[in-house]
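Read through the structure below, which is laid out as structure tokens, and then see the notes.
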Amino acid sequence: MNTKLLSICIPIYNFDVRSLVKDLHLQALQAGEKFEILLVDDCSLQRFKKLNQECASLQNVTLLELEENVGRSRIRNMMAERAKYPWLIFMDCDSQCRDNQYIQNYLINTKKECIVCGGRLYLPDPPPDSTYLHWLFGTRREVKSHNVRSLQPNHSFMTNNFMIAASIMKKIKFNEKLRGYGHEDTLFGIELLKNNIKIRHIDNPLYHVGLQTADEFLHKTREGTRNLLKVYTILKRDKALPEMVKLLKTWKLLHKSGLCYPAGIALKTIEPLMMRNLKGKKPQLFWLDLFKLGSICRQTVKFRKA
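Note that my numbering has the sequence shown beginning at 17, numbered continuously upward.
As structure tokens, this is what we get:
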């Protein structure tokens, strides 16, 4: 394949991507290789659509607006199908480049068919508002060096920032049975592993700047626990998955012992205490872990013993 032809794919949902697109556009021009920037809006609010329409005036930028929301998995598959070039970079719309070498750092890794993950960062200064919980979780749990991520390469896959050969995306797609928020990256990483495709990790992170309020973050967290159980079902309760996800491993142990549903009810009784802490000025991730465990345990009624 021509290793220097690049499609930069950004699915958009309710975020202003103008600054990000201008930065990437300049970097791609300076790299001197053929490229396109493909933007697909997943039925955002009209005010965001209007702002982002400015991007379409840039050379090699294509903007497509969907009339209905198709979700995180379907939109990525759609973009892979529409992309013109043999290398695809996917990133979340609420990203910010760390430096002006982001595109170049990926281009030097296009020597052979592969998938490469760049990683994630959060801005160093904690926000003073209700987005602090999201920032705290991100900095403590999501930010990992490329060396750490490389220890378990397919376990550490995140959709926020990766480059993939289009030939791989033709063989392995995001599972569209998974709707809503969370764990489409977990499922995709496992599918890559099953096909003996090892993920390479490099130091090329993007800042995650689209922080959610505590209420929004907790809602998405609860939605993520539902999707985690869906992934477990889709994979026909693959024994490898609980070893990859600590929350699912704990859930499985409780479920086998018949304690899962009672634990969920017990944790529900102290949820007001959890909420006071998690929505307060000094949240503790211990309470977030209990919140997630309670949420997943209360959904046990849908499952037989794992």
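Don't be surprised by glycine CBs; every beta carbon is placed ideally from N, CA and C.
When DSSP labels each residue in this structure, what does residue i get in the three-state scheme?
i, result
"Thr155", "helix"
"Asn212", "coil"
"Leu45", "helix"
"Ser23", "strand"
"Ile188", "coil"
"His150", "helix"
"Ile312", "helix"
"Ile206", "helix"
"Tyr29", "coil"
My guess is that residue i and residue j are in contact by the Cβ rule of under 8 Å, so how many angstroms apart are they, rounded?
i, j, result
"Arg92", "Phe190", "5 Å"
"Leu209", "Ile188", "Going by Cβ atoms, the distance from Leu209 to Ile188 rounds to 10 Å, so no, they are not a contact pair."
"Ala182", "Ala256", "With 8 Å as the limit, Ala182 and Ala256 do not qualify as a contact, their Cβ atoms being about 27 Å apart."
Could you tell me which of the options sits nearest to residue i, measuring between CA atoms?
i, options, result
"Leu227", "Arg253, Met95, Ala47 and Asp110", "Asp110"
"Glu49", "Ser146, Val164 and Thr126", "Thr126"
"Glu259", "Ser172, Asn76 and Ile184", "Ser172"
"Leu234", "Leu301, Asn176 and Ile206", "Leu301"
"Arg242", "Leu104, Gly310 and Gln112", "Gly310"
"Asp231", "Tyr248, Phe51 and Lys295", "Lys295"
"Leu22", "Lys38, Gln43, Asp32 and Arg34", "Gln43"
"Pro299", "Glu97, Phe153 and Gly205", "Phe153"
"Leu149", "Thr316, Cys25, Asp305 and Gln315", "Asp305"
"Lys65", "Val77, Arg34 and Asn116", "Arg34"
Can you tell me where the beta strand (DSSP E) holding residue i begins and where it ends?
i, result
"Val77", "Val77 to Glu81"
"Glu52", "Phe51 to Asp57"
"Tyr223", "Leu222 to His224"
Hey, quick one: how far does the alpha helix (DSSP H) through residue i stretch, first residue to last?
i, result
"Phe64", "Gln62 to Asn68"
"Ile180", "Per DSSP, Ile180 belongs to no alpha helix (DSSP H); it is in the beta strand (DSSP E), Asn177 to Ala181."
"Thr249", "Ala230 to Ile250"
"Val86", "Taken as a continuous stretch (DSSP letters only), Val86 belongs to no alpha helix (DSSP H), as it is neither H nor E."
"His162", "His162 to Leu167"
"Ala256", "Ala256 to Met260"
Mind listing, in chain order, the continuous alpha helix (DSSP H) runs of no fewer than 4 residues lying wholly within the segment 271-310? 276-285 and 287-294
Just list the beta strand (DSSP E) runs in the segment 95-143, keeping only unbroken ones of 3 residues or longer that don't cross its boundaries, in chain order. 103-107, 111-113 and 131-133
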